[in-house]
Amino acid sequence: MLNAQMVTLFPAPLLIHKSTLLQLFYSIPPSYLFFLSPCFVPSPPLHLPMTHMLTLPPCVIRFHPFSSHLPFPLLLLIRPHSLTFSTRLQTSCRMSIVNIVAREILDSRGNPTVEVDLHTDKGLFRAAVPSGASTGIYEALELRDGDKTRYKGKAKFGANSILGVSLAICKAGAAEKGVPLYRHIADLAGNRELVLPVPAFNVINGGSHAGNRLAMQEFMVLPVGAESFRDALRVGAELYQTLRSVIKEKYGQDATNVGDEGGFAPNIQENSEALELIKTAIEKAGFTDKVVIGMDVAASEFFSEGKYDLDFKSPPNAARNITADELAAIYQGFINNYPVVSIEDPFDQDDWPAWSQFTASVGIQVVGDDLTVTNPRRIQRAVEEKACNCLLLKVNQIGSVTEAIKACKLAQENGWGVMVSHRSGETEDTFIADLVVGLCTGQIKTGAPCRSERLAKYNQLMRIEEELGDQARFAGHNFRNPSAI
Numbered sequence: 001m002l003n004a005q006m007v008t009l010f011p012a013p014l015l016i017h018k019s020t021l022l023q024l025f026y027s028i029p030p031s032y033l034f035f036l037s038p039c040f041v042p043s044p045p046l047h048l049p050m051t052h053m054l055t056l057p058p059c060v061i062r063f064h065p066f067s068s069h070l071p072f073p074l075l076l077l078i079r080p081h082s083l084t085f086s087t088r089l090q091t092s093c094r095m096s097i098v099n100i101v102a103r104e105i106l107d108s109r110g111n112p113t114v115e116v117d118l119h120t121d122k123g124l125f126r127a128a129v130p131s132g133a134s135t136g137i138y139e140a141l142e143l144r145d146g147d148k149t150r151y152k153g154k155a156k157f158g159a160n161s162i163l164g165v166s167l168a169i170c171k172a173g174a175a176e177k178g179v180p181l182y183r184h185i186a187d188l189a190g191n192r193e194l195v196l197p198v199p200a201f202n203v204i205n206g207g208s209h210a211g212n213r214l215a216m217q218e219f220m221v222l223p224v225g226a227e228s229f230r231d232a233l234r235v236g237a238e239l240y241q242t243l244r245s246v247i248k249e250k251y252g253q254d255a256t257n258v259g260d261e262g263g264f265a266p267n268i269q270e271n272s273e274a275l276e277l278i279k280t281a282i283e284k285a286g287f288t289d290k291v292v293i294g295m296d297v298a299a300s301e302f303f304s305e306g307k308y309d310l311d312f313k314s315p316p317n318a319a320r321n322i323t324a325d326e327l328a329a330i331y332q333g334f335i336n337n338y339p340v341v342s343i344e345d346p347f348d349q350d351d352w353p354a355w356s357q358f359t360a361s362v363g364i365q366v367v368g369d370d371l372t373v374t375n376p377r378r379i380q381r382a383v384e385e386k387a388c389n390c391l392l393l394k395v396n397q398i399g400s401v402t403e404a405i406k407a408c409k410l411a412q413e414n415g416w417g418v419m420v421s422h423r424s425g426e427t428e429d430t431f432i433a434d435l436v437v438g439l440c441t442g443q444i445k446t447g448a449p450c451r452s453e454r455l456a457k458y459n460q461l462m463r464i465e466e467e468l469g470d471q472a473r474f475a476g477h478n479f480r481n482p483s484a485i
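As structure tokens, this is what we get:
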């Protein structure tokens, strides 16, 4: 049995068999929380790696009694609020990690999340982890402690704690090499070129992101005709303000309240009405030749018993539910009547036949989010079934930078587009701005040009473009295939 404050030394790389690992895990009393490494989360259900052996690097490991809140990887037991892990951990690039501190902070929805400070000889590297409102059931495990006396039970641990360390280590790795973060990520991915993405601004919020009656979650504008990222941000901001005026004129001042991601949330029910508002704003702003429309339907949120309820925020009524074919016909109407070029999660995450049929029947980008959850196994199945043609890349869905890069490369190797994404519960961390440039995906969605946790990413992209100077390339109309630039 482990004792509080016990320190265990592994003087050399340690090879642990699965059976030994399980014995160790189950010998820990319930008052402790146990994590093994940034690629392993032994939280029920226990997800073991595919191999039979695990290798731990040489390190000193400190154990702390755990009572509730703070997460942490690397074979560590935690005491909440004051966690410190001090060692000289040698990584593959011989970078010395001298101290790691994890703390609980709040995200943009006021829920607790994890922030990690990683100290090396090069300085302090900080990372914070987001979380989603609408989540795929196949995402990496995110647990809540259930203690209703603190944040209504929403203090968390699990996959997101691992990601915090992974993000911080990636930032430290860039500093160790003396290169910008986006260049370090490009090196990790094997990319020589760098591409600035087209931003997909979420200008009208519905679904789980807003308190209105809209079933579909995000209505986005993509300035594909802009000349640069800076120009795209200007177009998005001007269009956003024009849309505010259009909504205010039609529905009144209170209709310009915003949702989780900064988009407006007018209390309308018809999804076509949201598209009509955006179309009107595009025309009034004079951007008809520069802006197209994207949508995130998040259909799993209103899927039940094999059908879809486009008024799911009202009391249930089976008579109004529609089939996948009927929903596909609605999407086809959107494509015919509006400049819709991208639809995300048009069907439930397990409605595979509907996905395949729809992707085969339309010529637009069909994005898998809940369907693929940035998971290589789900991506491979989607490739085989031709279920979609674009991956939504959310680092916290899979739980580490390394795994996210692998997922991105798998999608790109199969001819898919890749869109890097934020989460609805965001922080001021700007990691995904560097990620999208380094991975050369050509497109990013990180909310409206409103709210600082969203603008932090967009502003970082402007800085990157400025730093690259004449070498900066903007994806523009090639957002689905930036390698064609």
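Under full-length UniProt numbering, the sequence shown has 361 at position 361, and the numbering climbs by one with no breaks.
Cβ atoms here follow ideal geometry from the backbone N, Cα and C, with glycine treated the same way.
Put Val366 into one of helix, strand or coil per three-state DSSP. strand
Cα-Cα separation between Val98 and Glu465, rounded to whole angstroms: 33 Å
Please report the straight-line C-alpha distance between Pro223 and Arg230, rounded to a whole angstrom. 11 Å
Which partner residues of Ser108 appear in the DSSP bridge assignment? Paired residue(s): none; Ser108 is not in a bridge.
Complete runs of the alpha helix (DSSP H) confined to the segment 299 to 343 [at least 4 residues]: 324 to 337
Beta strand (DSSP E) runs contained entirely in the segment 219 to 307, provided each spans 3 or more residues: 292 to 296
Which residues in the same chain as Glu139 place their Cβ atom closer than 7 Å to its Cβ, once the five residues preceding and following it in sequence are excluded? Residue confidence for Glu139 is low, a pLDDT of 48 falling below 50, so the modelled location carries little weight; the figure read from the coordinates is stated next. So the list reads Val373, Gln397, once near-sequence residues are dropped.
By Cβ distance below 7 Å, which residues in the same chain neighbour Val401 in space, the five residues on each side in sequence not counted? Ser166, Leu167, Cys170, Val395
Distance, Asn481 Cα to Trp416 Cα: 8 Å
Ala128 - DSSP class collapsed to helix/strand/coil: strand
Spatial neighbours of Gln380 in its chain, beta-carbon cut-off 8 Å, leaving aside the 5 residues before and after: Leu410
In the DSSP assignment, find the alpha helix (DSSP H) that holds Phe358 and state where it starts and stops. 352 to 361
Determine the direct distance from the alpha carbon of Ala319 to that of Val436, and round the result to whole angstroms. 43 Å
In this structure, how does DSSP classify Phe479 when only helix, strand and coil are distinguished? coil
Does DSSP classify Gln443 as helix, strand or coil? strand
Since Gly259 contacts Asn205 with CB under 8 Å, what's their CB separation in whole angstroms? 3 Å
Is the segment 228 to 242 touching the segment 471 to 478, taking contact as three or more C-beta pairs under 8 Å? yes
Quick check on the burial criterion: 16 or more other C-beta atoms within 10 angstroms. Buried or exposed for Thr446? buried
With 16 other Cβ atoms within 10 Å as the buried cut-off, status of Lys386: exposed
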